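Novice: Mind having a look at this structure? Questions to follow.
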Amino acid sequence: MKPLRIGNFSGFYGDRSAALREMLTGGEVDVLTGDYLAELTMLILARDRLKDPSAGYARTFPRQLEDCLGLAHERGVRIVTNAGGLDPAGLAGEIRRLADRLGIPVRVAHVEGDDLTAAHPGTLAAHAYLGGFGIAECLRAGADVVVTGRVTDAALVTGPAAAHFGWRPDDHDALAGAVVAGHVLECGTQATGGNYAFFTEGDVRRPGFPLAEIHADGSSVITKHPGTGGFVDVGTVTAQLLYETGGARYAGPDVTARLDTVRLGLEGPDRVRIEGVRGEAPPPTLKVGLNRLGGFRNEVVFVLTGLGIEAKAALVREQLADALAKSPPREVRWELVRTDRADADTEETASALLRLVVRDPDQRVVGRALSGAAVELALASYPGFHVLAPPGKGAPYGVFEEVYVPYVGATHVAVLHDGRRIPVPPPQETRPLAAVPDPPLPEPLPPGPTRRAPLGLVVGARSGDKGGNANVGVWARSEDAWRWLAHTLTADAFRRLIPESRDLPVTRHLLPNLRAVNFVVEGILGAGVAAQARFDPQAKALGEWLRSRHLDIPEALL
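In my numbering, the protein residues as written are 3 to 560.
Written out as structure tokens, the structure is:
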């Protein structure tokens, strides 16, 4: 059977607007998927809906579609997207009105049942991560465009593949292969050289978007349209496979994919084959993402220039101590960022940043009283006093939490283009998640001379967030480097290299087929990205920080 070619045209809400047209005109494709949702996006949409009840979905998608709907119809390309956000029915209705106005006869269906906000009082949005079989029902009934709310990112691929190949819910290996392909596609150009550790090895100024050629057994080839920028190799696919994952079991509502069974191979230029993926029954509960307001946050960044940086920082902290003591915020965080250099030839490079962040449930506590106290220092503090921006009155921040509910807690429904509602049953077979025992370590490298050097000279890394946790996937590009990495970069070594993690639980998972180790650091992001607990709230650069740390590396690897 001919493979199903599924491409991606969006990895997040705000991605390249021209990508839909680029994917439609760049080469052969059967289905195009757009991923617009993240933990933070759901909170943003929920806050939008508070101001405007008709809001709740990705407003940019209809604008993209207006330019390309006729082209997709002419070429027989189906479009599947989670741009429906909190209101998939509303977006489906807007697309129908758009199609009528343009005179294009398309069938639009949507998936619902993920919204569990009413069952979780106190939340702005509570949504279950549904699987791909609702999408499959819509496509089997002839839909040209399928809109969803909160589904797993990989469901945008498992749904079309299940519809095309006739997979059943117990076709675990095939579904797991599609989950892995979907995970590679979901972040768009991160699979084609974007955000890649070894980005200098190709032209990544404007990477093309990825596509997967999926076969009936679930195996796939990751590639991109000819002539587009970026590149696809085993490294770019490995990096994306490790992104925002944990252990060897990658669980979802359709299937649990065993990442320790994934085998990658370079099939040709910009073509990486994924095969050997084994699947298991999904876990007995469904993940639900809860977004709520955590309180209010305010921030002031003081610029400290030239000599006596530490003394200047100490003076500001002492001067603001009284203001903070009068009505103490629940959380006060000071951070001195030493961006300054000695004898600098520009004022900017002679300056450091002192950042004050406060949080409290009461907006007044973090608002104008604090802002006024900071501004009043303008003529009465350290020499050269100024701030990056005037402090505000305090802004709300969000908190993300995940909980797990029985499948019967969510009513998964495919709403077809003709209005029929098809219930999607929960999986008949489930399997509780359990950790996979660590595989045996490879043989260590023989002793030899070493040199103090950055870790990133011999390994790549990619990091990301899951709620308040971060993951850092690290992979080696040769068998010898893997033998060294597996023995050297332990959880304790990770804590030494990343001091922020020293008092936090750090778990290491080995994935020998990928020559990779994956670390999960619990709690490093506080209450999640919307709470902005650290400088890099989504841990996007945590892996690059790790790669910049120095340790003793065998000279044979350098």
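For glycine and all other residues, C-beta sits at the position ideal for the given N, C-alpha and C.
As the structure is a prediction and not an experimental result, all values here were calculated from the model.
Can you check whether the C-beta of residue 155 is within less than 8 Å of a C-beta belonging to chain B?
Specialist: Considering every chain present, this structure includes no chain B. It has just one protein chain.
Novice: Just reading off the beta strand (DSSP E) that residue 169 is part of, what are its end residues?
Specialist: The count along the sequence shown starts at 1 and reaches residue 169 at position 167. Per DSSP, residue 169 belongs to no beta strand (DSSP E) and is neither H nor E.
Novice: Mark residue 118 as exposed unless 16 or more other C-beta atoms lie within 10 angstroms of its C-beta, in which case mark it buried.
Specialist: By one-based count along the sequence shown, residue 118 stands at place 116. Buried, by the Cβ-count rule.
Novice: Could you name the residues of the same chain whose beta carbon sits closer than 7 Å to that of residue 334, not counting the 5 residues immediately before and after it, in chain order?
Specialist: Translated into the one-based positions of the sequence shown, residue 334 becomes position 332. If we look at residue 334 and ignore the five residues flanking it on each side, its Cβ neighbours are 326 and 360.
Novice: Only counting the same chain, and skipping five residues up and downstream in sequence, which positions put a Cβ closer than 7 Å to that of residue 286?
Specialist: By one-based count along the sequence shown, residue 286 stands at place 284. Only 432 and 434 meet the Cβ criterion.
Novice: Round the Cβ separation of residue 274 and residue 178 to the nearest angstrom and send it over; I've been treating them as touching at under 8 Å.
Specialist: Looking up residue 274 in the sequence shown gives position 272. Looking up residue 178 in the sequence shown gives position 176. So it is not a contact: roughly 17 Å between Cβ atoms.
Novice: Give a yes or no on whether the C-beta atoms belonging to residue 1 and residue 225 are separated by under 8 Å.
Specialist: In the structure as shown, the chain starts at 3 and stops at 560, and residue 1 therefore has no counterpart that could be examined.
Novice: Using the DSSP secondary-structure output, state which residues sit across from residue 214 in a beta bridge.
Specialist: Here residue 214 refers to the residue found at position 212 of the sequence shown. Answer by DSSP bridge pairing, in chain order: 8 and 224.
Novice: Tell me whether the beta-carbon of residue 6 lies closer than 8 Å to the beta-carbon of residue 212.
Specialist: As a working mapping, residue 6 is identified with position 4 in the sequence shown. As a working mapping, residue 212 is identified with position 210 in the sequence shown. No, the Cβ-Cβ distance between residue 6 and residue 212 is not below 8 Å.
Novice: Report buried or exposed for residue 480, applying the criterion of at least 16 other Cβ atoms within 10 angstroms of its Cβ.
Specialist: As a position in the sequence shown, residue 480 is number 478, starting the count at 1. It is exposed - the Cβ of residue 480 has fewer than 16 other Cβ atoms within 10 Å.
Novice: Less than 8 Å between the beta carbons of residue 130 and residue 412, yes or no?
Specialist: What you label residue 130 is simply residue 128 of the sequence shown in a count that begins at 1. What you label residue 412 is simply residue 410 of the sequence shown in a count that begins at 1. Closer than 8 Å, so yes.
Novice: Look at the alpha carbon of residue 97 and the alpha carbon of residue 65, and state the distance between them as a whole number of angstroms.
Specialist: As a working mapping, residue 97 is identified with position 95 in the sequence shown. As a working mapping, residue 65 is identified with position 63 in the sequence shown. Going by the C-alpha atoms only, they are around 10 Å apart.
Novice: If we count Cβ pairs, one from each stretch, closer than 8 Å, do we get three or more for the segment 258-268 versus the segment 385-400?
Specialist: No: the two stretches stay apart, fewer than three of their Cβ pairs being nearer than 8 Å.
Novice: Around the Cβ of residue 550, are there at least 16 other Cβ atoms within 10 angstroms (buried) or fewer (exposed)?
Specialist: Counting from one through the sequence shown, the residue named residue 550 turns up at place 548. Under this definition residue 550 is an exposed residue.
Novice: Under a Cβ-count criterion, where at least 16 other Cβ atoms within 10 Å of its own Cβ denotes burial, should residue 430 be classed as buried or exposed?
Specialist: Locating residue 430 in the sequence shown gives position 428, where the first residue counts as 1. Exposed: under 16 other Cβ atoms inside 10 Å.
Novice: If we count Cβ pairs, one from each stretch, closer than 8 Å, do we get three or more for the segment 282-296 versus the segment 182-190?
Specialist: As far as the Cβ criterion goes, the segment 282-296 does not touch the segment 182-190, which means the pair count is below three.
Novice: Assuming residue 51 contacts residue 57 (C-beta within less than 8 Å), just tell me the rounded distance between them.
Specialist: Start at 1 with the first residue of the sequence shown, and residue 51 comes out as number 49. Start at 1 with the first residue of the sequence shown, and residue 57 comes out as number 55. Right, their Cβ atoms sit about 5 Å apart.
Novice: Can you tell me whether DSSP reads residue 550 as helix, strand or coil?
Specialist: Translated into the one-based positions of the sequence shown, residue 550 becomes position 548. Note: residue 550 maps to helix in three-state DSSP.
Novice: With burial defined as no fewer than 16 other Cβ atoms inside 10 Å of the residue's Cβ, what is the status of residue 217: buried or exposed?
Specialist: Here residue 217 is taken as the residue at index 215 of the sequence shown, counted from 1. Burial call: buried.
Novice: Buried or exposed: residue 556, going by 16 or more other Cβ atoms within 10 Å of its Cβ?
Specialist: Taking the sequence shown and counting its residues from 1, the one referred to as residue 556 is at position 554. Buried.
Novice: Out of 519, 70 and 85, which one is the CA nearest neighbour of residue 104?
Specialist: Position 102 of the sequence shown, counting from 1, holds the residue named residue 104. When each option's Cα is compared against that of residue 104, the closest is 70.
Novice: Taking Cβ to Cβ, would you say residue 471 is nearer than 8 Å to residue 526?
Specialist: Here residue 471 corresponds to residue number 469 of the sequence shown, with the count starting at 1. Here residue 526 corresponds to residue number 524 of the sequence shown, with the count starting at 1. Their beta carbons are under 8 Å apart, which means residue 471 touches residue 526 by this criterion.
Novice: Could you name the residues of the same chain whose beta carbon sits closer than 7 Å to that of residue 437, not counting the 5 residues immediately before and after it, in chain order?
Specialist: Along the sequence shown, one-based indexing puts residue 437 at 435. Contacts found: 249.
Novice: Straight-line CA distance for residue 8 to residue 15?
Specialist: Position 6 of the sequence shown, counting from 1, holds the residue named residue 8. Position 13 of the sequence shown, counting from 1, holds the residue named residue 15. Their Cα atoms are separated by approximately 20 Å.
Novice: From 362, 401, 519 and 507, pick the residue whose C-alpha is nearest to that of residue 444; which is it?
Specialist: Taking the sequence shown and counting its residues from 1, one reaches residue 444 at position 442. Of 362, 401, 519 and 507, the residue nearest in Cα terms is 519.
Novice: With distances taken Cα to Cα, identify the nearest neighbour of residue 493 among 465, 507 and 516.
Specialist: For the purposes of this step, residue 493 is identified with residue 491 of the sequence shown, where counting begins at 1. Nearest of 465, 507 and 516 to residue 493, Cα basis: 507.
Novice: What residues are listed by DSSP as bridge partners for residue 484?
Specialist: Taking the sequence shown and counting its residues from 1, the one referred to as residue 484 is at position 482. Looking at the DSSP assignment, residue 484 forms no beta bridge with any residue, so it has no partner.
Novice: Near residue 491, what residues of its chain come up, given a Cβ to Cβ distance below 7 Å and the 5 sequence neighbours on each side ignored?
Specialist: For the purposes of this step, residue 491 is taken as the residue at position 489 of the sequence shown. Excluding positions up to five away in sequence, the list reads 476 and 519.
Novice: Tell me where the beta strand (DSSP E) around residue 277 begins and ends.
Specialist: Looking up residue 277 in the sequence shown gives position 275. Unbroken beta strand (DSSP E) run through residue 277: 273-277.
Novice: Rounded to the nearest angstrom, what separates residue 128 and residue 190 at their Cα positions?
Specialist: In the sequence shown, residue 128 corresponds to position 126, counting from 1. In the sequence shown, residue 190 corresponds to position 188, counting from 1. Between residue 128 and residue 190, the C-alpha separation is close to 26 Å.
Novice: Under DSSP, the beta strand (DSSP E) around residue 398 begins and ends at which residues?
Specialist: Taking the first residue of the sequence shown as 1, we reach residue 398 at position 396. 397-408 is the extent of the beta strand (DSSP E) around residue 398.
Novice: May I ask you to report which of helix, strand or coil DSSP gives residue 163?
Specialist: Position 161 of the sequence shown, counted from the first residue, corresponds to residue 163. DSSP places residue 163 in helix when its eight states are reduced to three.
Novice: In this structure, what does DSSP give as the bridge partners for residue 298?
Specialist: Indexing the sequence shown from 1 puts residue 298 at position 296. Looking at the DSSP assignment, residue 298 forms a beta bridge with 362 and 398.
Novice: Measuring CB to CB, does residue 87 end up less than 8 Å from residue 39?
Specialist: To locate residue 87, count along the sequence shown from 1; it is residue 85. To locate residue 39, count along the sequence shown from 1; it is residue 37. For residue 87 and residue 39, yes; Cβs fall inside 8 Å.
Novice: Take residue 194 and list the residues in its own chain whose beta-carbon comes closer than 6 Å to its own, dropping the five residues that flank it on each side.
Specialist: As a first step, residue 194 is located in the sequence shown; it is residue number 192 there, counting from the start. Closer than 6 Å at the Cβ level, and outside the excluded window around residue 194, lie 209, 210, 212, 226, 232 and 234.
Novice: With a 10 Å radius around its C-beta and 16 neighbouring C-beta atoms as the bar for buried, classify residue 537 as buried or exposed.
Specialist: Taking the sequence shown and counting its residues from 1, the one referred to as residue 537 is at position 535. Residue 537 comes out exposed.
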